[in-house]
Amino acid sequence: MKNYILYFATLFLTTSNLSGQTMEKDLKQIDQILLKEIEKGNTPSVVYYLFNKDSILKKVELGYSDLSKNIKANENTFYKAFSATKTFTAIAILQLAEQRKLNLDDPIIRHLPNFMYGDQITIRQVLSHSAGIPNPIPLNWIHTKEEHYELIEINFLCPFLKSIKKLNICPIKSLCILI
686 MKNYILYFAT LFLTTSNLSG QTMEKDLKQI DQILLKEIEK GNTPSVVYYL FNKDSILKKV
746 ELGYSDLSKN IKANENTFYK AFSATKTFTA IAILQLAEQR KLNLDDPIIR HLPNFMYGDQ
806 ITIRQVLSHS AGIPNPIPLN WIHTKEEHYE LIEINFLCPF LKSIKKLNIC PIKSLCILI
């Protein structure tokens, strides 16, 4: 599936403040675009929920989580979101700043006392990727099919994170317990 379609849908769903018919019409268009991507074979499935603080407004589960076994996608379908989570994190942080629960120029350590890169780095610097924090995972994102198994979190990420002396725990506890 083309990344820009998913990104557009994500931005729309997280920032839209439309009401009633306009929102429903736009959501139908997004569903049609996503369904076409599934039909073209660009992605096996799409699952998204539109919600507010009180309830789920719309639940969409399209396609299959396992094509070989004809298992339909549902709320338990696991997707590796990778860097897409940066968008959600940034939105949440900016909402907290808007509510004056934090300031973008606060040192990170004020909110994350165990932050291991010192007390001078600010939230703004981290959000803008200008803090100078090195990539802790020397991972080449382009790899051969044969290398894929070695890059699964259980086989790579958790042992690597456990080896870092400054980390007392593996952040992905559910995976690290298995090692």
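So for the sequence shown, the numbering used here puts the first residue at 686; every next one is plus one.
Just so you know, even glycine gets a beta-carbon here, dropped at the ideal spot from N, CA and C.
Outcome for residue i when other beta-carbon atoms lying within 10 angstroms are tallied against a minimum of 16
i: alanine 758; result: buried
i: isoleucine 741; result: exposed
i: glutamate 722; result: buried
Presumed contact (8 Å Cβ cut-off) between residue i and residue j, rounded CB distance
i: valine 732; j: glutamate 746; result: 5 Å
i: aspartate 804; j: proline 792; result: 5 Å
Same chain, Cβ closer than 6 Å to residue i, neighbours up to 5 away in sequence not counted
i: alanine 816; result: Ile806, Gln810
CA-to-CA distance, residue j to residue i, given in whole angstroms
i: alanine 775; j: leucine 812; result: 7 Å
i: leucine 719; j: arginine 795; result: 41 Å
i: asparagine 755; j: lysine 713; result: 25 Å
i: glutamate 783; j: phenylalanine 773; result: 15 Å
i: lysine 744; j: alanine 769; result: 20 Å
i: asparagine 799; j: isoleucine 778; result: 18 Å
i: phenylalanine 767; j: arginine 785; result: 29 Å
i: aspartate 716; j: aspartate 739; result: 23 Å
i: phenylalanine 763; j: aspartate 711; result: 26 Å
i: lysine 765; j: threonine 707; result: 31 Å
Residue closest to residue i, alpha-carbon to alpha-carbon, out of the options
i: asparagine 675; options: Tyr734, Ile723, Phe800, Met801; result: It is not possible to answer for residue 675, since the shown part of the chain is limited to 686 through 864.
i: glutamate 724; options: Asp711, Lys738, Tyr749; result: Tyr749
i: histidine 814; options: Met801, Leu781, Lys771, Asp791; result: Lys771
i: leucine 752; options: Leu797, Pro729, Tyr764; result: Pro729
7 Å Cβ shell around residue i - same chain, five flanking residues per side excluded
i: phenylalanine 873; result: Lying before the first or after the last residue shown, residue 873 is absent from the chain, which here runs from 686 to 864.
i: leucine 787; result: Leu781, His796, Ile808
Closer than 7 Å: residue i CB and nearest the ligand ATP heavy atom
i: histidine 796; result: The ligand content of the structure shown is nil, which means the ligand ATP is not present either.
Same chain, Cβ closer than 8 Å to residue i, five either side skipped, listed in chain order
i: aspartate 790; result: Thr807, Ile808, Arg809
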